[in-house]
Amino acid sequence: MNRPSGPATEREEDFEAKLIFLRIEPLINPLLQATQEYRDLVTAPSHSVKVLLSVLKIQAQLLQRLDSLLPNLATQHKLSETQLSNSLCLLLDYILFPILAILKGTVIGWNGEERIDKEQLTVKSASFLVVQQTASLLSTLLDLLRYPPEEKFIGCLIACAFALPTSQYMANDYRHETSLDRGDNCLKHLLESIRRLVGHPGLTQKQTFATLLAGALDGALLARLADCMVAVVEPSESGKCANADLQLQALLTLRIIMKTVPMASVWRHIFPGIFAGLYRCCLQAMRIGQQSSKLAANALTVIADLLRFCVQSDKVSLQKTSKVSLENTVTEKLKALTLNSGNEIGQLSSSNVESNDFVSRANKLLPMPMTVLMNMTTMACTKQIREGLLELLSVVLVQSSSFWEPGSNVVTVAFESCLVLSQDIQQDVSAAAIVILTDYRKKIGSEYLGSIPRVVGPRLMSIVNELPTLMEAARETDLVSSLRLVIGYLEAMTLSKDTAKKLKAFILTEENMFIIRDVFSSLCNPLAQSNNVEDMEPMSLSSLVLKNERKVKIIALDEQNGEVQNAIESALSSLSRILGTKATVYVVDQCVADLHSDVESRHSAGFSQVGLNQVVWANSWTGTVYFSSFLLKGVTKSEVKCRREKYIHQLSRSTLPLIFSESIWGLPIDDGLASIKKSEGVTMLINQQNSIPSAKAANADLIVALLSIVESIVNFVDASPLDGHFDVALLPLLEKAISKSSKVSNRALHVLCKLEKLASDSGIDALIVNKVDSIFGAILLKVRIPGGRPVQKGSAISNDILVTSEVAIFAISSITHSFANASPRDSQNMDARVIMSPQEVVRELTLRFDLAGSNVQSDVSLATVFLTLFHNISALLHAYYKCCFKEMNQGACFHSPEPWLDILEPYRITSVTPEDGFAEYRRGKEQTNEDIPGALTLPTSHLQRDTDFMALLIARNASTLSHPSLSIQIKSCDALISAFHFLAIIAAVPIRSGEEETNGPRTAVLRQIHSVWPAVAGRLKSVSAEVRPSNKTSLVIKYPSSQPMHIDVSEKRVFLSKVFELIAGMAEASDDFMARRFRDVVWPSIGGLMTHFFKGSNAQQSAHTSQFLESEIGLLCSIISCCGRMFKHRETGEALAGLIPSIGGIIIPFIGDENKCVADICIDTLKAMCSVDSDALRRPLFELAGISFRACPLFDQSETSVTLTSRNFIHSKDFAAEEAAKHLIEFIESLPEQPLLS
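If you want the numbering used here, it's the 1-based position in the sequence shown plus 4.
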């Protein structure tokens, strides 16, 4: 080789070489002497182990010093890299001489015996260290050389080959188990040196070097190196493997050698041995698991490179030798070289084996291991292995497609593996597989699509038939692989309309479609794991399946495996794209029709809907419905929009009525009332007491699956107006949205959200408001008593009526919520229909509850539904009229009677508070009674209609105040409070003078108070009398009645709190209509209850609530709040002015209470009483605050003030009470002058 000359002259180069020689000569000469001494000791008949160890130690030290010296020469002598490289090239023979001698002459012990003593182990370890240091020195020297001579490298490679272990030693695992040093580090450094020699960047003539390397030792050198690399990675006979890092380095070294010598004729000779070793290495790494994933991936890559080099044509020819068979290759001669490293190898047999012979033998021997390898690695857990497999698939399908015989199983398996990888979850892996498939299709041309239809149909069905077996065996990885293969085949067929049409016709045959539906229905079953047939008694299985019922496939697979679920959905989506929208719609419609027919047949046969047979039946159909749902999702975007909507409209018209039929949609999923239904003489027991949770769960899963079909149908009509198309679905969806089953409720709400987005509404509430007629019309059809078939009084309320009532409650509350959040513009678009339709439904339900009679009185759940319905409809009417008033007030603000009044609008005083004085307050209130424009009023007929409706409900609700359950009585109070709030709003509606009749809507609140008061007063008196004797204890009181009841006193206190809240609400809704009733009935009860709160308190101390129970504190707050609301209402407050001193006397002791809530309520109530009559409480507040009255100026002036001696029950040193009293006095002083009250 012609080395490029450096910038220095030849004399300067000699000088630099001599300078370096002088630096290394003191190390090289001793190293040569030590090497010669070592050889003499080894060849001697006997030698001392200690002397041998000392010599090896000297060698190791000298090698280490030389290794550290060479890189520093350039720095120490200020040489450039080129100058140092040129000098070392001149001295290369001198430096390499001891290195090659050590590598060739050191007896490492790779061929050692099975059993060696301790001294021999020590010598062996020292030999490893010497060879390791030598290899490290060689690597350092190679790094410093820029343009080395190729022939020197061949000699170095031969020396390294001598130092490598034999394949027999690696296979038999002769390394002693007790040895701490097995030579792994030595072997790593040797492999590193070989990589640097073969892949040195200074080798400019790559082709020449490849020829030299391939022909070295008549080809034995390359075979020796490859044999050692394979022996390192191949597992031993005992199953043990070398260090993983060492194996990776061996694979890397072998790959670099292959790329350096890309000659097919060379690698074909040694292909069997290399492939077998790499194959066993890959299998072993796959069995170990993810820890060896990198090793398996690299092994696959090397196999791909080996196959690529073997199938290509030679670009460089070697000298021909005699022709022999493959069995007499150089690999066999290599055995002599490894066992007798010092002997010469005889003449090698010819390596020029005909290409046809290699191709024929490869097609005979490779298909089986290649198939196993591809099948094992296709679904590998790690991405690295799959990427390595892609390189192998690229070689098989693209680079060597003509190498394999027609119909070879290798190409088929490689094609299917590539189809599976095209559906990989990793995008880069999937994209690479698609590129390979594209290149393969381009390479074989028209044969790609022409050959598929003949084989893909039967092959596809064979894969589908294997899916249940894989699932039953819980082979999840194989199951996902098969599903991805199905997807790959289906996706490949869509590349041509002709092939897709042929496959579609093949699939739509009755037999194939039945198999596909049956198999995928079992795969889609989400409850297969939790309801295993094997856990049931064999005798019970015969009764689970009807004569015409499909055979149930129960599978054992983890339902939480998202990868399986995604693969199933993707497979069905691909199938739907092959079938097209029309065929898919037909399949879905047929599945739903079969389900409805099966349900009706079971209904007629009298099968229980909550028994053991229901579990198996529901599970089987759940899978079928999910199959239909996933199939339907795949075609939502595959057709032209107009055609797609045409098909989906047909599907919805035929499918939705069946899905929402009572027989399917009414399957029990929640706990309900026990009832008996009779249909055509067949008695069906559906008593929920006989149900089991698994049956309800199975029914719930079936409903969820049906909801997924509804969701797919909704998605079909993308961005199209509803036009009443889904009105039939609103009520059923609302029924399931309030279900106690969380998964059913969530899915139904999800579908409703899709509907409201489709209708461009702002939420489900807006959707219900816009479709109020459709929803409540459907509810009315379900609850209305059929004509000609009257329901007798005392008839039981069926469970479906209860469910419908809960739906009505949900819809009414949604409308109420929409009113609360409505903007002024939305309020103008709302009309009376949003309250008329709910009123009709409530009337019918009320009639149902009236006919139930005693059942409602005895059943808490029925009464709860009735009261909740009552409360929600009252809240709806209240919100509606409040929204109407808001609109009228806004109209009044912007439309003045005279235009010039708009200028004065900013200066208008609109709010008059009680603090401004009673006269101003009364004057402001009288102004509101003046005539107002007719545009700002509501029709009297509407008001009369709504007040009459509320009177009907109040009359029925009053009876529940005497319900046996106190919880129902409490709910009854809440409902009445809501009702009187509404009537108060009606009483304040402005009406033209002279228009209202005597018994008009404004006086409805007085009539209802008059009708309800006896029941309220009676309950107040009786419960107050029962609570008073308890004396701070939660006693259990037994009542002498036909039905003994045990009621906690604390619950009665809660009820009394609600009663006082109701009384305050009734007072606020009327003028002074409640004053006399409060004075005669309520105040005596309050006095009796309040005596309990003062028992045990010192007369000189203020009362505190820290000693009371929580229910007692709540009752106290309710009493004080009720009194405050009475006096805040001016008409009632004026009428009760005489009670201010008495009421104030029981409230003042609590104004300094530690409970801030109690103290604040007391202060607020006292302020309300002071606003009515400020003088009534002045003296006790002054005494409590410790403030003296000023002396009268008309009498003796000697004393400026009179100090009052407190006889009050409040001690003046109570700081909190004193501060509160001072605050109240300041409030009194800030009030305007009040009129005298009679």
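Where is the CB? At the ideal position from N, CA and C, for every residue including glycine.
Determine the contact status of residue i and residue j, defining contact as a CB-CB distance below 8 Å.
i     : j     : result
V619  : P672  : no
V1016 : I958  : yes
V1058 : G1118 : yes
A1019 : A962  : yes
F171  : D231  : Position check: residue 171 holds Ser in this sequence, whereas Phe was assumed. For S171 and D231, yes; Cβs fall inside 8 Å.
L96   : K156  : yes
L1244 : L225  : The requested residue 1244 is not part of the displayed model; the chain covers only 5 to 1242.
L512  : A587  : yes
L70   : L100  : no
L489  : V424  : yes
K954  : A979  : Strictly speaking, residue 954 in this sequence is Met, with Lys absent from that position. No, the Cβ-Cβ distance between M954 and A979 is not below 8 Å.
L142  : S89   : no
L756  : A741  : yes
Rounded to whole angstroms, what is the Cα-Cα separation between residue i and residue j?
i     : j     : result
V573  : K368  : One point to set straight first is that residue 573 is Glu, not Val, in the sequence displayed. Answer to the nearest angstrom: the Cα atoms are 40 Å apart.
L104  : R259  : 25 Å
S534  : N623  : Reliability fails at S534, whose pLDDT of 37 lies under 50, so the model's placement of it is uncertain and no value is given.
N719  : Y590  : 18 Å
A991  : Q843  : 20 Å
T850  : A1172 : 41 Å
I779  : Y630  : 28 Å
L195  : Q253  : 7 Å
T110  : A130  : 11 Å
S398  : L311  : 11 Å
A167  : V363  : 35 Å
T932  : E810  : Residue placement at T932 cannot be trusted, given a pLDDT of 43 that sits under 50; what the coordinates show is reported in the next sentence. Going from the Cα of T932 to the Cα of E810 covers about 41 Å.
Q68   : V237  : 29 Å
E919  : D1168 : Per-residue confidence for E919 stands at a pLDDT of 42, beneath the threshold of 50, marking its modelled position as unreliable; the derived number appears in the next sentence. Those two C-alpha atoms are separated by around 13 Å.
S658  : V376  : 50 Å
K108  : R43   : 11 Å
P75   : T144  : 8 Å
M465  : V270  : 45 Å
G277  : G206  : 32 Å
K1226 : P1153 : 14 Å
E1230 : I1144 : 19 Å
T79   : V439  : 52 Å
A1079 : T872  : 30 Å
Starting from residue i, follow its DSSP beta bridges and name the residues at the other end.
i     : result
D432  : D432 is not bridged to any residue.
D1076 : BP columns for D1076 are empty, so no partner.
D18   : According to DSSP, D18 bridges with nothing at all.
Practice task
Pick out the complete alpha helix (DSSP H) segments inside the segment 453 to 517, 4 residues or longer, and give them in chain order.
Solution key: 480 to 497 and 501 to 511, all fully within the segment 453 to 517.
Exercise for the section: Inspect the CB distances between the segment 397 to 410 and the segment 469 to 480 and report whether three or more fall short of 8 Å. Expected result: Because the criterion of three Cβ pairs below 8 Å is not met, the segment 397 to 410 and the segment 469 to 480 do not touch.
Exercise for the section: Entirely within the segment 350 to 430 and at least 4 residues each: give me those alpha helix (DSSP H) ranges in chain order. Expected result: Counting only runs that start and end inside the segment 350 to 430, the alpha helix (DSSP H) elements of at least 4 residues fall at 359 to 369, 371 to 381, 387 to 398 and 413 to 425.
Exercise for the section: Let me know the alpha helix (DSSP H) ranges lying completely inside the segment 77 to 146, each 4 residues or longer, listed in chain order. Expected result: Annotation note: the segment 77 to 146 contains the following uninterrupted alpha helix (DSSP H) runs of length 4 or greater, listed N- to C-terminal: 77 to 80, 85 to 94 and 96 to 109.
Exercise for the section: Please specify which runs of the alpha helix (DSSP H), each continuous and at least 4 residues long, are wholly inside the segment 612 to 677, giving them in chain order. Expected result: For the alpha helix (DSSP H) assignment, the uninterrupted runs of no fewer than 4 residues enclosed by the segment 612 to 677 are, from N- to C-terminal side, 616 to 637, 645 to 663 and 666 to 669.
Handout entry: alpha helix (DSSP H) runs wholly inside the segment 224 to 253, at least 4 long, in chain order
Key = Segments of the alpha helix (DSSP H) lying fully in the segment 224 to 253: 224 to 237.
Practice task
Indicate whether the contact test is met: 3 or more Cβ pairs, each with one atom in the segment 49 to 69 and one in the segment 79 to 92, closer than 8 Å.
Solution key: Taking a contact to require three or more Cβ pairs closer than 8 Å, the segment 49 to 69 and the segment 79 to 92 do not qualify as touching.
Problem - contact_flag[the segment 292 to 306, the segment 385 to 397] where n(CB pairs < 8 Å) is 3 or more - result: For the pair of segments examined, the segment 292 to 306 was found to touch the segment 385 to 397: the number of CB pairs separated by less than 8 Å reaches three.
Problem - Contact between the segment 33 to 52 and the segment 121 to 128 (3+ Cβ pairs under 8 Å) - result: Taking 8 Å as the limit for Cβ pairs, the verdict is that the segment 121 to 128 does not touch the segment 33 to 52.
Problem - Any 3 or more C-beta pairs closer than 8 Å across the segment 486 to 504 and the segment 424 to 440 - result: Contact between the segment 486 to 504 and the segment 424 to 440 is present: three or more C-beta pairs spanning the two stretches fall below 8 Å.
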